[in-house]
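Encoded as structure tokens, the structure appears first; notes follow it.
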Amino acid sequence: MKKFRRIGVLTSGGDAPGMNAAIRAITRKALEQGVEVMGIIGGYSGLINENIIPLTTGAVSNIITHGGTILYSDRCKEFKTEEGMQKAIATCKKFNIDAIVAIGGDGTFRGATDLTLHGIPAIGVTGTIDNDITATDYTVGFDTAMNTVLEAVDRLRDTCESHARCDVVEVMGRDCGQIALMAGIASGAVAICIPEVPFDEELAIEKIKSAKAAGKRGMIVVVSEGVTAVDENGKTVPYGELLRSRIEDQTGVETKFARLAHVVRGGSPTLRDRLTATKMGVVAVELLLEGKSNRVVIEDNGEITDLDILFALTVDRMYKNKLKEGDLEKFSEADIDEMRKICEKRTEEIDILYKMSYEICK
Ligand code: F6P
49 MKKFRRIGVL TSGGDAPGMN AAIRAITRKA LEQGVEVMGI IGGYSGLINE NIIPLTTGAV
109 SNIITHGGTI LYSDRCKEFK TEEGMQKAIA TCKKFNIDAI VAIGGDGTFR GATDLTLHGI
169 PAIGVTGTID NDITATDYTV GFDTAMNTVL EAVDRLRDTC ESHARCDVVE VMGRDCGQIA
229 LMAGIASGAV AICIPEVPFD EELAIEKIKS AKAAGKRGMI VVVSEGVTAV DENGKTVPYG
289 ELLRSRIEDQ TGVETKFARL AHVVRGGSPT LRDRLTATKM GVVAVELLLE GKSNRVVIED
349 NGEITDLDIL FALTVDRMYK NKLKEGDLEK FSEADIDEMR KICEKRTEEI DILYKMSYEI
409 CK
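In this note's numbering, each residue's number is its place in the sequence shown (first place is 1) plus 48.
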């Protein structure tokens with residue numbers, strides 16, 4: 049088995065609170081094992097542009113409390129080209145980087161698997177606020193994002209209550225409604241709208257009317273950014289803004305719209321994110337030391353473990369109905385069965401919570 053002398057670590061895609069905790073854990077675990085660590089600045093573009101710094105124990109001191117990523121991030125198009133990949137490989141050779149740990153979401157893992165195929169072993173660590181990687185129960189950043197939404201909504205509720213208003217709050221999550229669903233339930237929203245489940249607008253409006261009739265003053269509706277609608281001009285628009293005017297028109301309750309946008313992505317990570325990121329970072333280094341690559345570190349029923357990246361990317365496409373022809377050909381019947389079970393589990397988790405929210409959120 050090849051002994052790694054030096055590894056690189058990078059963060060890519062949307063940043064997420066807890067990425068710094070992962071960088072710290074990867075750096076310190078590797079140094080403990082006698083492996084040097086290089087920080088790649090700006091995601092995969094840092095590999096292309098040779099933007100690389102050495103990471104020491106001191107360099108990652110006091111970063112565990114900070115949101116964002118000290119290595120910065122990027123969504124690098126050039127890395128997807130063969131030319132970009134060749135530049136990245138040349139950089140790894142020039143800086144004697146034997147392997148890479150890439151922290152991010154599905155795009156990041158596609159990059160990691162491409163690197164492995166080109167001879168640089170890579171491991172992925174899940175870091176995105178969206179919790180939208182089907183293969184894992186949890187992605188680093190999700191807990192902080194939910195708590196940030198919760199805090200913002202609690203504040204909005206105070207002023208809604210004073211003025212007897214409704215606030216439609218749009219939250220990030222891309223095509224995944226988990227931040228909206230969980231933070232919506234926890235913040236006592238009257239209705240929640242997510243991409244995974246058809247939204248009953250009439251029912252939501254009826255709920256607001258009866259809540260108003262029962263004397264409720266402040267009301268919150270949480271909408272995931274992934275829900276869109278077609279407006280009267282035939283243009284696809286974010287649904288939250290349309291819903292705001294429909295609620296106001298049909299209930300007579302003055303209704304405001306708040307888009308939390310990137311606020312949801314910042315801030316000091318929660319304990320959950322710091323701890324999970326630390327555990328995942330350590331496992332990533334252990335995998336490399338065991339000679340494994342093309343793996344992604346995941347959480348499965350509370351345990352930090354790992355999966356083949358290609359399996360993880362394929363199950364993700366299966367869940368999101370994005371499977372391409374031939375995607376499943378590389379897998380055994382048992383693997384495909386396993387993928388279906390994971391997809392069913394994700395659908396069921398969301399369905400159960402959503403049904404619960406219908407009964408509890410009033
Ligand atoms: O994937 C994280 C995320 O914050 C999504 O929730 C959101 O849709 C997207 O990234 C926004 O991307 P950008 O920061 O490039 O605008």
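From the three backbone atoms N, C-alpha and C, an ideal C-beta is built for every residue, glycine too.
#1: Less than 8 Å separating the Cβ of His114 from some heavy atom of the ligand F6P?
#2: Just grab the DSSP bridge partners of Leu103 for me.
#3: Please check the pair Gly266 and Arg203, which I expect to be a contact at CB under 8 Å, by giving their CB distance rounded to whole angstroms.
#4: Can you tell which of Asp63, Asn110 and Tyr92 has its C-alpha closest to the C-alpha of Arg76?
#5: Do Glu249 and Arg292 have their beta-carbon atoms positioned less than 9 Å apart in this structure?
#6: Sorry if obvious, but does the Cβ on Met67 come closer than 8 Å to a heavy atom of the ligand F6P?
#7: With Val331 and Asp354 assumed to form a contact (beta carbons below 8 Å), what rounded beta-carbon distance in angstroms separates them?
#8: For the region 224-251, which segments carrying the beta strand (DSSP E) assignment without a break, of at least 3 residues, lie completely within its bounds, in sequence order?
#9: Closer than 8 Å is the cut-off here; do at least three beta carbon pairs connect the region 98-112 with the region 123-133?
#10: Is the Cβ-Cβ distance between Ile100 and Ile118 less than 9 Å?
#11: For Gly94, name the three-state secondary structure that DSSP assigns.
#12: Flag this pair as yes or no: are the beta carbons of Gly61 and Met86 separated by less than 9 Å?
#13: Kindly indicate which three-state DSSP category Asp348 falls into: helix, strand or coil?
#14: If you draw a straight line from the alpha carbon of Ala360 to that of Ile181, how long is it in whole angstroms?
#15: Locate the alpha helix (DSSP H) running through Gly172, then write down its first and last residues.
#16: Are there 16 or more other CB atoms within 10 angstroms of the CB of Asn144, so buried, or fewer, so exposed?
#17: Would you grab the beta carbon distance between Val269 and Val201 for me? Rounded to a whole angstrom, and I think it's under 8 Å.
#18: Helix, strand or coil, according to DSSP, for Cys391 in the structure here?
Judging by the given coordinates:
#1: no
#2: Val85
#3: Rounded, the Cβ-Cβ distance is 11 Å, inconsistent with contact.
#4: Asn110
#5: no
#6: no
#7: 7 Å
#8: 239-241
#9: no
#10: no
#11: helix
#12: no
#13: strand
#14: 8 Å
#15: Unbroken run through Gly172 is the beta strand (DSSP E), Ala170 to Thr174; no alpha helix (DSSP H).
#16: exposed
#17: The Cβ separation is near 10 Å, so there is no contact.
#18: helix
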